[in-house]
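Have a look at the structure below, then the notes.
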Amino acid sequence: MSDTQPRVGLGKRDFGDYGDSVEPVEGVVLVDSDYLKDRKVFGQVVTTFRYGREEDEVMGLHFSRQLYLALDQIYPNDQQSEKSELQDKLLRKLGDNAIPFTFDLPENAPPSVTLQPGSDDQGAPLGVDYELKLFIAESKEEKPHRRNSVSMAIRKLQYYQPGPMVRQPSTMVSKGFVLSPGKLQLEVTLDKEYYFHGDKIAVQMVVTNHSKKTIRNIKVNVIQNTEVTMINGHYHKSVASIDSKEGCPIIPGATLSKVFYLLPSADNNK
């Protein structure tokens, strides 16, 4: 980075979308007043949708789209918004050449998503990403140059705030066997309806064997179902599983009640 290149300061790179509100992108940009002269400082937030592999782009065909969610003139700006506590601290630390900025992300803008690439994939991964860019120019239509611009990757994260649980999720299924009387009944109940990263999933299982078969093994799976609308794709993957013989065999006429705990983790699913 050269001495004349702008520098940007943010309190964080992740900005939350809480359904009814989205955290603003707040920070300051430090510019060299001698280099700035009579030019202006602009800022923009760009989101990129990548729906195809970069290595498949040939003959001018691109599998990505960009949207400019914000493009404002930061300096000079007569309509200064109220500064946050973070911006006040950065302005005191960086001095008179620091300029505050605030960008509001649209509520209907998609959250940041990255599809984990395969071992043979190259280039940018599929998904949605965000970039904050600030640049010095005569007008906002000018193409920013590397020496007079600075960019930083940011994320728009979607958070869900669940209300009170009305009832525990529960389901019951039964299975019959050809040429064998009776059925096998399975009832599964979860401890809650919504789970966040790092939460253990408690699965209460009740197996009632009304059949003539003997159950010798139990397997519990957490399946992640993903619908990728940008490529009209559907993917299913087991992200946690338990294979247990505890409580087995379950002979005809017997019942087993047991709680299994599963913890999905991205570290185990790469």
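Going by UniProt numbering, the first residue of the sequence shown is number 1, and it counts up by one from there.
Ideal Cβ placement from N, Cα and C applies to all residues, glycine included.
- If you look at Lys-212, you'll find it isn't in any beta strand (DSSP E); DSSP assigns it neither H nor E.
- Counting every other CB atom within 10 Å of its CB across the protein chains shown gives Asn-148 a total of 16 or more, marking it as buried.
- Val-178 is not a Cβ neighbour of Ile-201, given a cutoff of 8 Å.
- Taking a 10 Å sphere around the C-beta of Tyr-130, we find 16 or more other C-beta atoms and assign the residue as buried.
- When DSSP assignments are scanned along the region 52–118, the uninterrupted stretches of alpha helix (DSSP H) that are 4 or more residues long and fall wholly within it turn out to be 85–94.
- No Cβ-Cβ contact shorter than 8 Å links Pro-6 with Val-28.
- Contact between the region 168–186 and the region 39–53 is absent: fewer than three C-beta pairs spanning the two stretches fall below 8 Å.
- Where Leu-36 is concerned, the enclosing alpha helix (DSSP H) starts and stops at 33–36.
- Taking the C-beta atoms as reference points, Leu-157 is found nearer than 8 Å to Gly-16.
- Considering only Ser-241, Tyr-235, Thr-208, the residue with the shortest C-alpha distance to Pro-249 is Thr-208.
- Contact between Met-172 and Leu-186 holds: CB atoms are separated by about 7 Å, below the 8 Å threshold.
- Straight through space, the alpha carbons of His-197 and Gln-161 are spaced by roughly 14 Å.
- Residue pairing of Asn-225 in beta bridges, as defined by DSSP: His-236.
- In this structure, the alpha-carbon of Lys-258 lies about 58 Å from that of Pro-100.
- Under the three-state reduction of DSSP, Asp-199 is assigned to coil, being neither helix nor strand.
- Put simply, of Ser-244, Thr-229, Lys-213, Ser-211 the residue whose alpha carbon is nearest the alpha carbon of Met-205 is Ser-244.
- Boundaries for Ser-21: no beta strand (DSSP E) harbours it, and the DSSP string shows neither H nor E there.
- With a 10 Å radius around the Cβ and a threshold of 16 neighbouring Cβ atoms, Thr-47 comes out buried.
- Under the DSSP assignment, Asp-267 falls outside any beta strand (DSSP E); it carries neither an H nor an E label.
- With 16 or more other Cβ atoms inside 10 Å of its own Cβ, Ile-154 counts as buried.
- From the listed residues Gly-247, Ala-254, Thr-114, Thr-226, the smallest Cα separation to Lys-213 is found for Ala-254.
- Annotation for Ser-180: the continuous beta strand (DSSP E) segment containing it runs 180–190.
- A buried status is given to Ile-74, since no fewer than 16 other beta-carbon atoms sit within 10 Å of its beta-carbon.
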